[in-house]
Every structure is written in structure tokens, then in C-alpha cells.
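Colleague: According to the numbering used here, the sequence shown holds residues 50 to 1167 in order.
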Amino acid sequence: MPRRDFQRDLTEVCLPGTFSRVSDVRSGSEDGSIYFTYTPLAGDHHSIDVEVSIPDTAEYPKDHHYFVFTVSENVPQSVSRILEDALPTFHGLPLGDFLETVSGCLDKATSPDDSVSDSVQLDSDTSDTEEENDPIDWEDEDEGIEVGLKVGENILDIHDCIRSDLRKARQAGFRVGTLGELDGAVILSASRRISKLGISNEAMEAWGVRPIDYLVLLVRYPSGYRRLPDVVLPSAGTSSTIQLYVGVCEQYKPSLNSARHVFATGVVPGLVDTDKADMEPALGSILIGKSLQSLLKDRFTMILKYRLENGFSWTGAELYLNDGQGRLLHAYEKSHPKYFEPETWRVPPPDFLKDDHLAQGGPPSDMSLLLIAMQFTLRRFVKCTEFCLNCYCKIDAGFEALKPFVCSKGLCLYQYMSLGMGPSLEWEISSQPYVADLLISFAYTRIATNKLHDFPTGFPLKVPHPGRTARNPAPFSSTAYRGKLTYDDALGPRLCIYSSCDIRVGDWIVILVDYATSDEGEVRHRQELHARAKDTTDKSNVILGELIACAQQQNFLQLLKDAQDGPVHFVIYDTDLASLPDVPRTNALMDLLGTLPTVSEMKAWIDQKKGGRLRPLSDWHDRIHISALYVLQWIIGSNRSVILFDDDPQNQVLGMESYIQFRFAQGAPDKEQRFVKAVNTTASRFNLQYPTLFAWHGSPLYNWHSIVRESLHYRDTMNGRSFGHGIYMTPNFNTSINYCRSHRDMGPVSIYWPKSELNCAMAISLNEVVNAPAHFTSQDPHYVVQHVDWVQPRYLFIECGQPMPNQAKRPKCEKLTHVYAQDPGRRVFGPRGAITIPISATNSHRSRDSVEPSSSGTPKSAIKNGKRKKSTVERDRSNDDDDAASVATLAEDRQVLLSDEESTPRKQSKLAVTSFQPNTLDVSSIQLLGEPAYATPRATRTIQKVLRQALDTQDKQPLHELGWYINANHIDNVYQWIVELHSFDKHLQIARDLDKAGLNSIVMEMRFPAEFPLSPPFLRIIKPRFVRFTEGGGGHITAGGAMCMELLTTSGWLPAFSIESVLLQVRLAITNELPRPARLDFNSSRREYAIGEAIHEYKRVCIAHNWAIPKDLDKIGW
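1. What does a CB cutoff of less than 6 Å around H113 pick up in its chain, not counting 5 residues either side in sequence?
2. Would R241 pass as an interface residue toward chain C - the criterion being a Cβ-Cβ separation below 7 Å?
3. Given that a residue counts as buried once 16 or more other Cβ atoms are within 10 Å of its Cβ, and exposed if not, what is G1083?
4. Who does G1083 pair with in a DSSP beta bridge?
5. My output table needs one value for W394: the three-state DSSP class, helix, strand or coil.
6. Quick check on this structure: which residue in E577, N306, L237 has the alpha carbon closest to the alpha carbon of P515?
7. Let's see if you can read the secondary structure: which residues bound the beta strand (DSSP E) around Y270?
8. So K994 is in the alpha helix (DSSP H); what residue range does that whole segment cover?
9. Give the straight-line distance between the Cα atoms of P1159 and L264, rounded to the nearest whole angstrom.
10. Spatial neighbours of R57 within its chain, please: C-beta separation below 8 Å, excluding the five flanking residues on both sides.
11. Which value, in whole angstroms, describes the spacing of the CA atoms of S973 and N1049?
12. I'd like to confirm the pairing. Which residues does DSSP put opposite T227 in its beta bridges?
13. CA-CA distance, R924 and H867?
14. Measuring only the C-alpha atoms, how far is S1134 from V151?
15. Pull up the DSSP beta-bridge partners for F1067, would you.
16. Indicate the three-state DSSP secondary structure (helix, strand or coil) for N1155 in the structure shown.
17. Who pairs with C809 in a beta bridge, going by DSSP?
18. Check the C-beta distance from A727 over to N816 and give it rounded, since I have them as a contact under 8 Å.
19. Measure the C-alpha to C-alpha separation of V383 and E390 and round it to an integer number of angstroms.
20. Is M351 helix, strand or coil when you go by DSSP?
21. In terms of residue numbering, what span does the beta strand (DSSP E) encompassing A529 cover?
22. Report buried or exposed for P1058, applying the criterion of at least 16 other Cβ atoms within 10 angstroms of its Cβ.
23. Give every residue of the same chain whose Cβ lies closer than 8 Å to the Cβ of R553, excluding the five residues on either side of it in the sequence, and list them in chain order.
24. What separation, rounded to the nearest whole angstrom, lies between the Cα atoms of L90 and A1157?
25. Counting along the chain, where does the alpha helix (DSSP H) carrying D58 start and finish?
26. Please work out which residues of its chain come closer than 6 Å, Cβ to Cβ, to K500, disregarding the five sequence neighbours upstream and downstream, and give them in chain order.
27. Can you tell me which of P412, C437, P398 puts its alpha carbon nearest to the alpha carbon of V431?
28. Hey, could you find the ends of the alpha helix (DSSP H) V1023 is sitting in?
29. Assuming contact is defined by CB atoms lying nearer than 7 Å, are S771 and T779 in contact in what I supplied?
30. Quick check: the region 339-355 against the region 364-373, are there 3 or more CB pairs under 8 Å?
31. Tell me the residue span of the alpha helix (DSSP H) that contains V1076.
32. In the DSSP assignment, find the alpha helix (DSSP H) that holds Y87 and state where it starts and stops.
33. Mind reading off the beta-carbon distance from F223 to L148? Whole number of angstroms is fine, and I expect it under 8 Å.
34. List in chain order: all unbroken alpha helix (DSSP H) runs of 4+ residues lying wholly within the region 467-501.
35. So, with DSSP's three-state summary, where would you put G1101?
36. Tell me whether the beta-carbon of N557 lies closer than 7 Å to the beta-carbon of H385.
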């Protein structure tokens, strides 16, 4: 077990004396974190306290990651730098090897004879002669600290490659973007709006996606950008080369914070929670997210490799991998025609979905990995119902399924039912909570009435013995204990145990409160509390987690009072469910379901999200026992029908407003296939104008658990068969409802799930039936259909035991736009007359005669080839916006896309595409300062090096690409720089205002503290003045001209930031037009900002946002 391996190794490395210079190794306050102290060899260095976070201990000891931070003050920059550079080398190391490696890195960083600058050097060909003519004394570059990223042709080439990848994807019709530093662990994104993918409205509803959202693919390069050949090399394709993630987002790309969350497998220091504003726009989960992420992680690079090597199609490469897991070595096998079959589509897709970047040929180094990955992902997403969610193999269902599932292979079914592999349990509960409540309620009722025969198997289910009693618990468990329960509002529940008890953290117990007997009714009404052992440090005084009662919550306080009145017995969950006879096993299953939270509580937990993903219920250790979670997975997972609580009135039956309506958007895939075949065959055989009719089927509540899984059948005789063998139905609701009531005579035993919020008391289905009554077993007074494949439930109507939830109420008197055309001679009637059925009830086999216009005169939809075509209005609206241009591209992405040097040489383009003229700034009104009193030789050398990097970058890149300019002649001391921001996109408001004012740049000042790069530089605007935010301004500019950016505070600053990246971020902030664009203040009598007002406003903003103010800020105003 990874967790056990991690804890074992952690125990070993914590032993004193294990390492020479690493001591005091200990667990951190959070799971997966450790601390240690490093003592350098050199005497002039103090000891360094280090924190280590391992967010993915579940991958230990092979594929986990380490994040290393120093927590001591005044740590040399060389230490932080070398730890950052060494992070990739720590990947996958056992704890002992990791500590040895990190100790060696710290040895190097603190050694007086070694220079960290060897690890990252400037790419500069400047000769000694040039240095002599430099007006600034750069001093010895080998001394001091080097910061920032490498700026040179290698980095610029990477930028060009990224730009080329993005442009190819954009030309193919996708929205593209970048997240993070281009020359670091960059993330590239490609997206397309859901409405453009050619997915039906029914499928979008079943998959839980909105047409206005974007499907977004993120490609992360943890070790820096790599071209396509580097990714598919035999040694590549690992998680350290690329990482991929798919989700949905309201914008064409998520925020950097959201992207960092989804690629983190645990809690990562420095990342904010997903419910905070700076997570927006956030990346959301999708129905097949778990399966698709696994496919991309485990197989995509191999499939891509086979395509490149052998010229297979996507289908062929997948088949080749499935046939032999890549072990087919013979040439004749690789040349089999099946591996070259072209892609097929059941419904013609949009043209961009059929495009295949790989098939266009050309050298792999010129191909865009982003585009290839996006085309593969979209293909799998749009065609997800054609592939098994577990083994990824193609499923030949013979019809278009509505919801993805797993294939019929025994292993895939077992993995789905038993291991939760496939559609996400959390997604099902989050997206359709009423359906989850309904399914659990059906299962509970069937269990409670002793009618469940297909018990869940393959699960390691541990339960308390169901025959336990408070009076004499010992015979029913291997060990029974006595103790005293106390409860404190602040400390929670504690159990004082009277005798020796081998109880461990994570064990679940049952505290027996009353004196139940062997009578089944009383056994099922036992008064008891369930809880998890949270802390067993003191074996005689165990701290418990949340106390859970199986009964309704209103009985909990009385139950808790009774439990504290005197000594209690308790037993541990130590009985194997599979070892119990049927009746005790039934009682144990009821207990497990009774301990579950309500569906609303589970949804609230799930929707808190963890790392941008739905929060797994398995993390709710103190509230849900693992056995209860397995049973819940079995209940939800074994339902293969697509049941929807649809609050769209256009998809609800008119005339049934007093009932909660659930729609069977599609039955189980195999059953639906047989039904569609029967409809088509019978309609063709008898030339039916109305291929189907509708009829009611009433059945006791305990039958619906099997009906929603197996559909209707007549294996069991419930009420006699006076009119022959078959499924009994009727067109009259009031007749059918009489068959729903028999379960109410069950005596004192409750058959309702106590945690249900629906409080389902009765269920009745409206079914679609092949319209051939003459061939039924009987058609009067009831329809008796002997062919089970001729019947398919389409709606389920629920009567609540308590008032209907407001969210489930249907607006009254809202007419349906698209109505199913019933056979006039065989209409179906509700409780108060004929009902009207929406066309969406028959989505699997619509024919051109299946629709009639509503009485409102709304034009009906055209039906062709079994599919309803959108109206002209809908079609025109869907084409209004092209994804490549519909939403404004963010400035940061525009800069990457438009900084193109391919068409024009840089030397010729510097001035040609911008009106900005360098060396023309009049600095007569700007106070150029002398060296500050706090200047030190070390700080001076550091800032000199950074300035040289910035000027080198400026010399090598076109001005319009950089957007900033530094004139070295205006720098009298390296602690004060004058920077001009220029060449703004002419469509931006700031560009129009500058042009109106006759200006071509924004003049800024950068002042560096003595602690730079440990402390951030101070940036402020000198001129022109801008409209204050309180008066309608924007652009993250404070009233004093300072920048309102966490990046420039102690809270957001990192020593590894390069000045180039800082200036880019400042420029992006100024040009950000959300919520309002920055505007020049044309009415101000003052032209420039003063340093005093800038520092004052900077402090005010930091306090308002709770950002840490640099401790040396006051010295900046020299």
C-alpha cells in the first residue's frame, strides 16, 4: 500500500543520526508534509529549516512529487535557487534517497568554493571591449547572486515553437492560450465551445454540460516545453514530460490558479481554495472525466507513437494497442488493413472534428502536439458512447447510446460495480442529486422488504454483527466492550473504555443504547450510534468522530442524551457481510445505508471541490464508512439507465403537476437497442403511422430497484395473471395507481430510507410500447404485452410522503413547444384527463411522424433520419460566433500569438510596426536619484546582473513584441530604473487614450530594495495620470500611481521571478479591461505622480487586500 510504504519510510528517516547534516526529521501538521533541519559544512552559514510537501503520497514510491521550501529567515538566494532547479530530480525518489539528494544540493549551495551561477548562466557574447565601453560598471559577474530565467536564443526558440503550436491549433478552429511562464512549466490550452461539437441537446443534458461552456484541454510541460518528437521518444511519454487534463470552463481557458489545482494531486502550498474569486474562471469536471484523464495519461503518447511510426489511423492505433499492448512485432501484422481503417462517424460531425493534423504529413518536429492532443480528445469526447469507459475499446451497440458506460466484459463490469472505475459516483450525485436520492430509496425499500436477492458482491464489506443487543452483545461479536460516552460541544465525543480494547484509528464502532430483542421489527429500530475512532493515543479514552444515528435527525439529541445516562456497550465493525445469512445481511445493509448522510449533504461535500476536481466521498472519513460507500457505489453504479430529474418544463408531461417527474432519457443500453429494433421492425411490418403508444404501469415501491435496472418483465407473479402472461399496463392512470399501494401493509417495519429528502411514497411509470395491440396477449381491459422488448419506461412519477421540494415543482399551464403525436385511438390519460407528452420522451427513435405542433402555433421541428433538426433560428444563432474569434483573446495570449518574427526579420521590424520611438523621452521633469544609503556591494552586483539581462533581452527582441523599453543612459544608479510601456494594441482603450493625448508610452519607475531579489521591486507610474478606480478607472492602478498587484508584495513575490516577466505582468494588468479599462485623466491639473503618494496608496491597498508589505518599503522613498 502506498500510504503504508510512505509511513514506514518516514518512520525510518526520522531516526536520529540517519543523515550527517540533516536532523530533526518529523511529520508536518498536514498530511504528506515533513520538516527537517539542515546544518551546513561551512561555519559562516546558519542552520536552515526546510519544509517538504508530498501532495501525491498515493503514488509513493514511484510517481510522487516533492515541493521543497525553506522556512528560515535570511536564507541565501543560492539555496532557494538550487532547490528550485533540482525539483525535477526529486521526482519518484524514496524518502531516504530524497533526503540524501536534497542534502547534497544544500551542500553545493552553501559551499564557499562552488557557485550556483554555474547551473544557470547568461547567454551573452559580449566581449571585454564592449564591457569597457559600457557606461555602467557591471563588476565581476562571477560574484553575487544570479536571479531570473535564462534569456537567450534557446529561450527565444522555445517561444517560437510554442507560438507555432498555438497558431496551428488556432488555424484549425480552436481557441488557444497559455498559462504560466513560457520558459518554465508552461501550460498550453485549446478549447472549443460545447455548442459547436454537434452534440444533441439530450446528450448535453445527460452528460451535464452546457452549450455555452468550453471544452478545454490543458497540456502541461512540468520540465519545460518539449516538441512532439521529444514527447513520443521511447524514453519519453512519462508523466514528467507532459500532463494532460480535460474539463469545462465558462471562458476559453481557466485561471492559472485553477489549472495549477487540477494538475496537483493533493494540497499544494500557495494554492488558494477553489471557492475564492481568483480561482475564476475555474475548470469544472465532466461525466467521463475520470476515464478520459486515465486514457490521456496512460495511453495517449503510445497511441500517438504508433501512428507516427506506422501510419495508422486513430482507430487503428487504438486497436493495435488493444490487440497486443504494443507487442505486435511482425511486419505482416502491422500491415493488417484494420489498422488503417479511416474514422467513421454515426452522425456527420462538424468539419473541424474530422480534421486530422497527423494525417497531413510533414516532419513531426513541425507538428503541433497541442492540436493533435485536442483533436484526439474531442474525438473521444464526442464519441464517448462508442467506447468502454474502462478498457477504452470500441463498443458495437448497433444504435446511438445516450450515456457512456462500460462494455459487457466481466472485468470491466466488475471494475465499474466494485471498484468505481467508470462514470464518477461524485459526478452522478453532484449533477443529479434527486436521482441519487431516488435510487437509494428504491434500494433501501427493496432491502427492507426482504426482496433483494442480488446482494452486492466483490466488496470487502465489514459491518457490525446485525444480531447485537445492548443487554447481551458478547455472543454476537468476536469481542464486545463496555464504556462511558461523554460529549462536549467544543471537544466532541469521547469514549472512556473500561477494559482493554484493541481499537485503532479508522475503526468504526456501534454504541448500543437500548435493549433490542430478536424480534425483527425491534432489531430494525435499534437505538444506537455509529462513529469512527479518530484518536486512539490513549486507549482508555478514545476520541471519536461525528456520532451518526441511523434514524431521522430529529431523534438524534434524545438518543445522545440516552447514551450518556450510563455505561454503554459497543462493538466494532468486524463481521464480513458475505458470511451472514440473508435476513441478517439485509439488516446490515439497512444499517449501512442508514449511516449515510443525506444526498444534499453529500452534494455539498462533493461541490466543495479538491484541486479543481469534485471532492471524493472517500475523503469524508469521519462521516462515511467505506462499506457504506461501496454499497452506495453499487446502487448508483448498477443503474445503467439514464434517469434525469429535468426541471425544463418543455421536457415534462403536461397534466401531472402534483407529482415529481423523472425522465428515462434512455433505458439500459442493451435493452434500448432491442426496443428500438422492435419498434422499427414492427412499424415497417405493419406500416404503422404511429409506431408507439403510451401506457401506465403501477407497482409497489420495492419493485422499482429492479425495474430501473432490468426494465419491466414478468418473471414474478405479483397480483395474479387473469388475462394471461405478460407485462400489465393500462392507458388510465387511476386504474394503474391502485397497484402501487400494496407495500403499505408491511406492519411496524419502516421501509423508507430515513435520510431521504424526497420521502418517496409511491412510484408509477409511463411507458412507451410498440403500437400493435392486436398482437398483445390481451388489450382489454388492460394491455398485456408478452414481449418484454416491446416496452420501455420513459417517465417515472413520484408521490412524496411530505410536501414536494420547491425545486421539483413544475410551472403550471406552460404549453409544450414540441409534442409527441399520440395515436388518436389510443391516447393515455392522467389523474384529471388526457395528458400531453413532449417529443423528448422518444429521443432514441424519432420519426418524421412523431411530432405535432403545439396549439400555440409554434413551428414544429423537422424530423429526418431519426434525428430532429434544429430550427432555422437555432441554426443561425449557433453560427453567430466562431470560436476562434467570438470571445476577446486575453492580452497575454495575444502577445504570444502576435509576436511573430517569421514573416519579417527582427532587425527590420523593431520600428516598423510601432509608433514608439526609443531614446526620445524627456526626463527633465523626472528626478534621477543617486545611489541610496542602503546600497551594498552585494546588492549592487545582483541588480547590475538583472539589468544586463533585461538590456540583452531588449536588444534581441523587437520593441513591439516586448512592449517595454529601458534607456541605459537614464540610469544613474542601478537601484532606480525608468521604464516605458508602449505599443499597446490599437483596439484597447488605453491605446486610444494615449493617442488622444499625443503620447506614445507610459513612463514608470522601478526602485530596488537592498534585499532584492528576496524583496520585490517597487513599481509606480510617473506619468500620465489615470482616472481613479473609485471614479470609473481600472487597469489595477492605485490612486497614487502604484500597481495594485499581489505579485509586487511580499505575499506574492518569488525570488525566481525575472524582471522581464514582471514587466509583462504589469503590462497585462494595465491593459486588463475587466472590470473596467484604464483611462487617462484628462481633467487633472497635475501631470505626474509623486513617490510619496504612490507609497501611501500602495500601503493602503496592501492592507485592504491583506497582502504583506515589504519590510524595507519605507527605505525606497530616498
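Beta carbons are placed, not taken as given, at the ideal position from N, Cα and C, and that holds for glycine. Keep in mind that this is a model prediction, so the values were computed, not measured.
Modeller: From the atom records:
1. These residues qualify, in order along the chain: I103, D105.
2. No chain C is part of this structure, which consists of one protein chain only.
3. buried
4. Answer by DSSP bridge pairing: none, since G1083 is not bridged.
5. coil
6. E577
7. Looking at the DSSP string, Y270 is not in any beta strand (DSSP E), and its letter there is neither H nor E.
8. 986-1005 is the extent of the alpha helix (DSSP H) around K994.
9. 41 Å
10. none
11. 17 Å
12. L237
13. Below a pLDDT of 50, predicted positions are generally treated as unreliable, and R924, at 33, falls in that range; the measurement from the model is reported next regardless. Approximately 17 Å, taken between the alpha carbons.
14. About 58 Å.
15. DSSP lists R1056 as partners of F1067.
16. coil
17. DSSP lists C849 as partners of C809.
18. Not a contact, Cβ separation roughly 13 Å.
19. In the sequence as displayed, the identity of residue 383 is Lys instead of Val. Straight-line Cα distance between these residues: approximately 13 Å.
20. In the structure shown, M351 adopts helical secondary structure according to DSSP, grouped into three states.
21. 529-537
22. buried
23. Cβ neighbours of R553 beyond the five flanking positions: A582, T585.
24. L90 and A1157: Cα-Cα distance of roughly 34 Å.
25. 51-62
26. Y751
27. Per the Cα distances, P398.
28. First-last for V1023: undefined, no H or E at that position.
29. no
30. Verdict: yes, contact present.
31. Unbroken run through V1076: none, as it is neither H nor E.
32. It is not in any alpha helix (DSSP H) - Y87 instead sits in the beta strand (DSSP E) that spans 82-87.
33. The pair is not a contact, with the Cβ atoms about 44 Å apart (cut-off 8 Å).
34. 474-480, 482-497
35. Reduced to three states, the DSSP call for G1101 is coil.
36. Residue identity differs from the one stated: residue 557 is Trp in this sequence, not Asn. Not in contact: W557 and H385 (Cβ atoms no closer than 7 Å).
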